[in-house]
Ligand code: UT7
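Written out as structure tokens, the structure reads:
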């Protein structure tokens, strides 16, 4: 089996910053309420004029990741684009990105819809292909423009989300160092599918004028139910990947959890017994960017020097579906 390495990472965060105070002008809320209940202060929102579509954000983030990995676009032989807000229904955004990057090697390009767990799903799926030598370098993306799907009149949900993108180039470790994916887990529990959904706008119920009038076509979430399952699942999955790799929490240098609510992260941390200083948190700046939270948090900690080569990272995600996944790796 080949060893698998994160060769480079990159992010793109939209230029427009929207603070909690800005939201006070749109819905009945307050900076205090949002910060206390969620840990969020700001979020980024994509331009609707163009230039910041999910594929554009991924394009910019990938250029940085390629540079860090010392690779060319044509070195990528698999693109996995995780998003619940793709550019279009067809073609998939992975193909759009392939073309934007000028990749001419006809590499495979797929979108996956695993909500907030999408990036971790992508990492874990390509790991198998790299391990058996089927591919050499995969580009895994979490890129979301949730601002399009959020009901800006609903204070229960609109305060929680933001836009952004994070990517990683994951490939065969040819450097002879210890970097590797040590263990992984993917899971889903469809019995909680109504906790976070957007039933209008698919094949079953196309959007009608009535839906538009009633704002029924937006994402909707049962926050309390999600909160409970999220903490339990994140803690369980973290333990699972540690057990699979015969490691303990002591071996983990950094926990990089999905950023949905700082209280979810803190509760999970307590359930696991991991010290807060080992947990990467940036929800205050970007809110919940779904599939993009884990790669953005990971990239920022790499870029500012907290995460170093040889560190053991635990990626831990949970989202609508309900999907979940975790990865234990040596960076
Ligand atoms: O990425 C997918 C995973 N996402 C999640 O798992 C999110 C999980 N859920 C959560 O993060 C939290 O449940 C929320 C942040 C969504 C809500 O926090 P909460 O502590 O569960 O608040 P709540 O829903 O119990 O609401 C408490 C009160 C309510 O008022 P009443 O009914 O007690 O009078 C709400 O109407 O706070 C009210 N409220 C607000 N007040 C000011 C709800 N949203 C707001 C708001 N500003 N934005």
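Numbering (the numbering used here), first residue to last: 1 to 331.
Built from N, CA and C at the ideal position, the CB exists for glycine as well.
Just so you know, these numbers come straight off a predicted model, no measurement behind them.
Exposed or buried, which one is residue 309 when buried takes at least 16 other CB atoms within 10 Å? exposed
If you drop the 5 nearest sequence neighbours on each side, which residues of the same chain put their C-beta closer than 6 Å to that of residue 168? 6, 9, 140, 295
Which residues does DSSP list as the beta-bridge partners of residue 185? In DSSP, residue 185 forms a bridge with 326.
Beta carbon of residue 314 nearer than 8 Å to that of residue 241: yes
Just mark residue 327 as buried or exposed, buried being the case when its beta carbon has 16 or more other beta carbons within 10 Å. buried
Is any heavy atom in ligand 1 found nearer than 7 Å to the beta carbon of residue 321? Placement of the Cβ of residue 321 at a distance of 7 Å or more from every heavy atom of ligand 1 is found.
Please list, in chain order, all residues of the same chain as residue 198 whose beta carbon is under 6 Å from its beta carbon, the five residues on each side excluded. Excluding positions up to five away in sequence, the list reads 219.
With DSSP as the reference, please indicate the residues paired to residue 95 in a beta bridge. The partner list for residue 95 (beta bridge, DSSP) is empty, contrary to what the question assumes.
Considering only residues of the same chain and omitting the five flanking positions on each side of residue 271, which have a CB-CB separation below 7 Å? 231, 235
Helix, strand or coil at residue 161 according to DSSP, with G and I counted as helix: strand
Counting only runs of 4+ residues fully inside the region 188 to 272, write out the alpha helix (DSSP H) ranges in chain order. 209 to 214, 223 to 244, 262 to 272
Given that a residue counts as buried once 16 or more other Cβ atoms are within 10 Å of its Cβ, and exposed if not, what is residue 126? buried
DSSP state of residue 78 mapped onto helix, strand, coil: strand
Residues of its chain near residue 194, where Cβ-Cβ distance is below 8 Å and the 5 sequence neighbours each way are ignored: 222
Report yes if the C-beta distance between residue 111 and residue 93 is below 8 Å; otherwise report no. yes
For a test of your reading of the model: does the CB of residue 146 fall under 7 Å from any non-hydrogen atom of ligand 1? Yes or no. no
Within the chosen definition, does the region 42 to 49 reach the region 161 to 178 through at least 3 CB pairs nearer than 8 Å? Short answer: they touch.
Pick helix, strand or coil for residue 140, following the three-state DSSP scheme. strand
With 16 other CB atoms within 10 Å as the buried threshold, where does residue 144 fall? A residue is called buried when at least 16 other Cβ atoms come within 10 angstroms of its Cβ; residue 144 meets this threshold and is buried.
Identity of the residue in 136, 119, 89 nearest residue 203 by Cα: 89
With DSSP as the reference, please indicate the residues paired to residue 19 in a beta bridge. Here residue 19 is bridged, per DSSP, to 42.
What's the gap between the Cα of residue 120 and the Cα of residue 192? 20 Å
Note down the Cα distance separating residue 320 from residue 105, rounded to an integer number of angstroms. Those two C-alpha atoms are separated by around 34 Å.
Beta-bridge pairing of residue 12 - partner residues as DSSP gives them: 165
Could you tell me if residue 333 is buried or exposed, where buried requires 16 or more neighbouring beta carbons within 10 angstroms of its beta carbon? With the chain running from 1 to 331 in the structure shown, residue 333 is simply not present.
Measuring CB to CB, does residue 284 end up less than 8 Å from residue 40? yes
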